[in-house]
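Trainee: Residue numbers (the UniProt record's numbering), protein chains in the order written: chain A, 1 to 483; chain B, 1 to 483.
Just so it is clear, CB atoms sit at the ideal spot from N, CA and C, and this is done for glycine as well.
Sharing a structure with you now.
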């Protein structure tokens, strides 16, 4: 029997336009939904069949199941009262660009596989680099070796940088100490990051099979040059080979900034690869008043931030620049005939710059967002969210049961109930998330537990922030009354 | 000065609907476009400004630039006469699902970060595993340890499996030979794949910092059990530690199938992790008549194929099943407080199953494609494309200037001009791609150069295949006449 026919173009047009309306309505009314769902693990399986259908389901059935099956289990990251983790971006221009990317659906692993995909990416990373005022050595338009690439995530950028640094260190060590076997060299390699660095930095060490030392940050949660210098000297004295350091600009726990000026000088003196992880906070550097926090970047080997976090480009779009991509390209280069082409060398083949082989046409998202917002509106977005964080901070400071535990620089406020014990703050967070009206996640630094309120949604306004604070305050009232 | 306002919801709805029409028209008329663009490297930069605009560009300007800037540089992977590499998927249901994914825009790294994102993925990998008739140990619904996950690419699946195997081997070796340092163990680890395996397998060895031996395939380009057995025995005798083997089902060069039945037995006896890379051909296993090619899969530790290649789910959607995910989870587990949640353990936290931390809601694409096509239509798609490949094969065989160099099993035909020299076939491919009417890539096995014609687009029909053959024949006529 011939199966019922699949969807054709007119049905697609109707269905996709219905989805457009659904999306617009979902986002404009997102503040009416409970931010954190109340489902339990395993909720979804009983709601749908145990097997795929033999013949097609109808579009109205599928559409109806979005509210029936999916939405009850969605954590609404774009609710104005979602304050967990850091923001992930969502904007109309990015969604429209992604539709086009899905239609073209090329796999841009080499230039010839879709020249527009590679070339728009090269130029968009230049546009973006100029918006951040990155040193020209990082930009392809400067005509040197450097250039940018879109990675999937900051984790991948950290790993790519580590693997590039490892390849460089191996090459140098083999030259200087030809008696050593490669495995001996690898066993001596040591990289560094702050103990405040993101978990993906430690994970990159695990994945890359090299030692990674987490060094103590100072009282402002910043890694300082002296600390790195001392660690490198100790390790050299112990026969190890320091090769890599990560400076974090905007840590996940408290949005602290490592002292890049100092770290850059040490990295340069000690000839270790310096990678800058500005995953969240990097977007702020499109505003000149935040750029003092990236002073020293001219000494970095690689720099990464996520427009998919705070710059309104939907996930995934993690921008990475390399001063000299050759170590990365050489480390990853496996070159079968079916991927060779005549123009090799005259444009980047991005497959050598990343872990996966395949890649979507993601530069379209950057292009649409930069053009349909314009730089001034993106700056306004950043400044507006920082202002909201300061408003929340002020309300916390005005309530003498609470304390703010780290300087509020970007869109994150870290706070807790005063006192030596963490228990009241832990109980408070449990109540808040249990109630489901707003969503926060905690962190702990040096045994001090605190709540993190990140301004995430582009819909969040002053009234939302006041309501979020009311919820915190109310839950604290009830908690303390119950005691 | 206040910037011009950014796009709001009504503008989005208009713009997105215009894009829907553009996409439908682009795909339905794609056969009118030249498959391979004629631009030169650097073509794009002069077409757009050197910097992002300060104030927003208008939507009509952006829309107009798609044809002016992007399309001249697009390689049209969905043209019915695109026959390069392997297919990449593109379907209307997947595009619509991705729109929804972009609107929800959650980052599903943990269950709590969006329960629906994790739970739909768990169930979709069960649906898909049942469609392939995978052994129940791989499926979450069987209640054991096993389960599936969506990776970005097959390269990542191969690397994840290798890193899991490495973690398991390290743990075992430390137990058995506690005198060895970890770096000594790593330096003794050795993995295996066919010399016909994809370049990403060799690259996984490079990235994972372990030795990977490429073993000779047999005359049908298949890796056999005896070859693996002999290599393992040699290496053990030399003091090495065999730990990992990759079986390829559907190689990139010729779509050959390693003998999984034999390799599985050897892997089981020798206790090495067996990973199955069925990136392209795995989709064929939804048709029972192809499943004899995966006989032996019950002995694999991990199995991977790409619905984003041949099963009409847009990139990225690489399905991977693990018999026992604990080695992978343990290898990657870095667990900061801000990612902990109360339901840990009762549902998978997929961040531990993959290289990146962040992940999109990709299961929606699978759900929409499986429901809006239905299994029968997907089988019809596979069978139709195999039939087209056989039609092309027949035309090649009917022309006695040509020879077919490998058995046509799925949608790939490998052929060349007869004779000892590769030069005529190389010249032929250059002419064909230079002419731009169809697009093929070459391969070379054991110094024999050949052309690969893959049936890629879902729009390709018998008439297209005849025209593609006419183009090959005409170019061959002209080439041979010029000699």
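Determine the contact status of residue 326 (chain B) and residue 154 (chain B), defining contact as a CB-CB distance below 7 Å.
Mentor: Against a cut-off of 7 Å, the Cβ pair of residue 154 (chain B) and residue 326 (chain B) comes out as no contact.
Trainee: State the DSSP-derived secondary structure class of residue 504 (chain B), mapped to helix, strand or coil.
Mentor: With chain B covering 1 to 483 only, the question about residue 504 (chain B) has no answer from this structure.
Trainee: Does the distance from the CB of residue 178 (chain B) to the CB of residue 195 (chain B) come in under 7 Å?
Mentor: The answer is no: Cβ separation not under 7 Å.
Trainee: Can you list the residues of chain A that residue 28 (chain B) reaches, using a CB-CB cut of under 7 Å?
Mentor: Result: 9.
Trainee: Could you tell me which chain B residues have their CB closer than 8 Å to the CB of residue 199 (chain A), listed as they occur along the chain?
Mentor: By Cβ distance, chain B contributes 334, 335, 336, 339, 357.
Trainee: What ranges does the alpha helix (DSSP H) occupy inside the stretch 63-117 of chain A, keeping only unbroken runs of at least 4 residues that lie completely in it?
Mentor: Within the stretch 63-117 of chain A, the complete alpha helix (DSSP H) runs of at least 4 residues are 92-104.
Trainee: When the cut-off is 7 Å and only beta carbons count, does residue 240 (chain B) lie next to chain A?
Mentor: No, residue 240 (chain B) does not count as interfacial toward chain A.
Trainee: Can you tell me whether residue 439 (chain B) is helix, strand or coil according to DSSP?
Mentor: Residue 439 (chain B): strand per DSSP, three-state reduction.
Trainee: Please return the same chain residues whose Cβ sits closer than 6 Å to the Cβ of residue 93 (chain A), not counting the five positions on each side in sequence.
Mentor: Cβ neighbours of residue 93 (chain A) beyond the five flanking positions: 368, 369, 372.
Trainee: Name the chain B residues that come within less than 8 Å of residue 314 (chain A), Cβ to Cβ?
Mentor: Chain B residues near residue 314 (chain A): 102, 105.
Trainee: Along chain A, in chain order, which residues have C-beta atoms closer than 7 Å to that of residue 221 (chain B)?
Mentor: None at all; the shortest Cβ gap to chain A is about 14 Å.
Trainee: Whole angstroms is fine: what's the gap from residue 390 (chain B)'s alpha carbon to residue 468 (chain B)'s?
Mentor: Their backbone Cα atoms lie some 14 Å apart in a straight line.
Trainee: Just the C-alpha distance for residue 166 (chain A) and residue 213 (chain A), rounded to the nearest angstrom, thanks.
Mentor: Answer to the nearest angstrom: the Cα atoms are 15 Å apart.
Trainee: Please name the residue in B:107, B:118, B:131 whose C-alpha comes closest to that of residue 305 (chain B).
Mentor: Nearest option by C-alpha distance: B:131.
Trainee: Once DSSP output is grouped into helix, strand and coil, what is the label at residue 158 (chain A)?
Mentor: Three-state DSSP puts residue 158 (chain A) in a helix.
Trainee: To which residues of the same chain is residue 418 (chain B) closer than 7 Å at the C-beta, ignoring the five residues directly before and after it?
Mentor: 401, 402, 403, listed in sequence order.
Trainee: Counting C-beta neighbours from all protein chains within 10 Å, is the total for residue 352 (chain A) 16 or more, i.e. buried, or is it exposed?
Mentor: With 16 or more Cβ atoms within 10 Å of its Cβ, residue 352 (chain A) is classed as buried.
Trainee: Buried or exposed for residue 236 (chain B), going by 16 or more other Cβ atoms inside 10 Å?
Mentor: Counting Cβ neighbours within 10 Å, residue 236 (chain B) comes out exposed, since fewer than 16 surround it.
Trainee: Should residue 303 (chain A) be flagged as near chain B, meaning a C-beta pair shorter than 7 Å?
Mentor: No, residue 303 (chain A) lies away from the interface with chain B (no Cβ there is under 7 Å from its Cβ).
Trainee: How big is the Cα-Cα spacing for residue 280 (chain A) and residue 226 (chain A)?
Mentor: Residue 280 (chain A) and residue 226 (chain A): Cα-Cα distance of roughly 25 Å.
Trainee: For residue 127 (chain A), which residues of its own chain have a beta-carbon under 7 Å away from its beta-carbon, when the five flanking residues on both sides are left out?
Mentor: Answer for residue 127 (chain A): 370, listed in chain order.
Trainee: Taking only three categories from DSSP, how would you classify residue 45 (chain A)?
Mentor: Helix.
Trainee: Less than 7 Å between C-beta atoms, sequence neighbours within five positions excluded: which residues of the same chain meet that for residue 79 (chain B)?
Mentor: The answer, listed in chain order, is 30, 31, 33, 35, 457.
Trainee: I believe residue 198 (chain A) touches residue 248 (chain A) by the beta-carbon criterion, under 8 Å. Please report the beta-carbon distance rounded to the nearest angstrom.
Mentor: Going by Cβ atoms, the distance from residue 198 (chain A) to residue 248 (chain A) rounds to 7 Å, so yes, they are a contact pair.
Trainee: Quick one: which residues of the stretch 51-71 of chain B get their C-beta closer than 9 Å to a C-beta of chain A? List them in chain order.
Mentor: Per Cβ criterion, the list reads 51, 52, 53, 54, 55, 56, 57, 58, 59, 61, 62, 65, 66, 69, 70, 71.
Trainee: Per DSSP, what kind of secondary structure is residue 379 (chain B) in: helix, strand or coil?
Mentor: Helix at residue 379 (chain B).
Trainee: For chain A, find out if any of its Cβ atoms is closer than 7 Å to the Cβ of residue 244 (chain B); answer yes or no.
Mentor: For residue 244 (chain B), the answer is no, since every Cβ of chain A falls outside 7 Å of its Cβ.
Trainee: Can you find the residues in the same chain that come closer than 7 Å, C-beta to C-beta, to residue 189 (chain B), ignoring five residues on each side of it along the sequence?
Mentor: Only 166, 169, 210, 211, 241, 243 meet the Cβ criterion.
Trainee: To be precise: take each residue of the stretch 72-93 of chain B, compare its Cβ to all Cβ atoms of chain A, and keep it if any distance is under 9 Å. Which residues remain?
Mentor: Residues passing the 9 Å Cβ filter: 72, 73, 74, 75, 76, 77, 78, 84, 85, 88, 89, 90, 91, 92, 93.
Trainee: For residue 104 (chain B), which residues in the same chain have their Cβ closer than 7 Å to its Cβ, ignoring the five residues on either side in sequence?
Mentor: Closer than 7 Å at Cβ, skipping near neighbours: 361.
Trainee: Taking just the CA atoms, how far does residue 67 (chain B) sit from residue 505 (chain B)?
Mentor: Since the displayed chain B opens at 1 and closes at 483, residue 505 (chain B) lies outside it and no answer follows.
Trainee: Closer than 7 Å by beta-carbon distance: list the chain B residues that pair up with residue 368 (chain A), in chain order.
Mentor: Within chain B, the residues near residue 368 (chain A) are 62.
Trainee: Looking at residue 410 (chain B) and residue 441 (chain B), is the spacing between their C-beta atoms short of 7 Å?
Mentor: Going by C-beta atoms, residue 441 (chain B) is not nearer than 7 Å to residue 410 (chain B).
Trainee: At a CB-CB cut-off below 7 Å, which residues of chain A make contact with residue 24 (chain B)?
Mentor: The answer, in chain order, is 9, 12, 13.
Trainee: Quick one: does residue 47 (chain A) have its CB under 7 Å from some CB of chain B?
Mentor: Residue 47 (chain A) does not count as touching chain B.
Trainee: Decide if residue 1 (chain B) is buried, meaning its Cβ has at least 16 other Cβ atoms within 10 Å, or exposed.
Mentor: Unreliable placement is indicated for residue 1 (chain B), whose pLDDT of 48 sits below 50; the coordinate value is still reported in the next sentence. With fewer than 16 other Cβ atoms within 10 Å, it is exposed.
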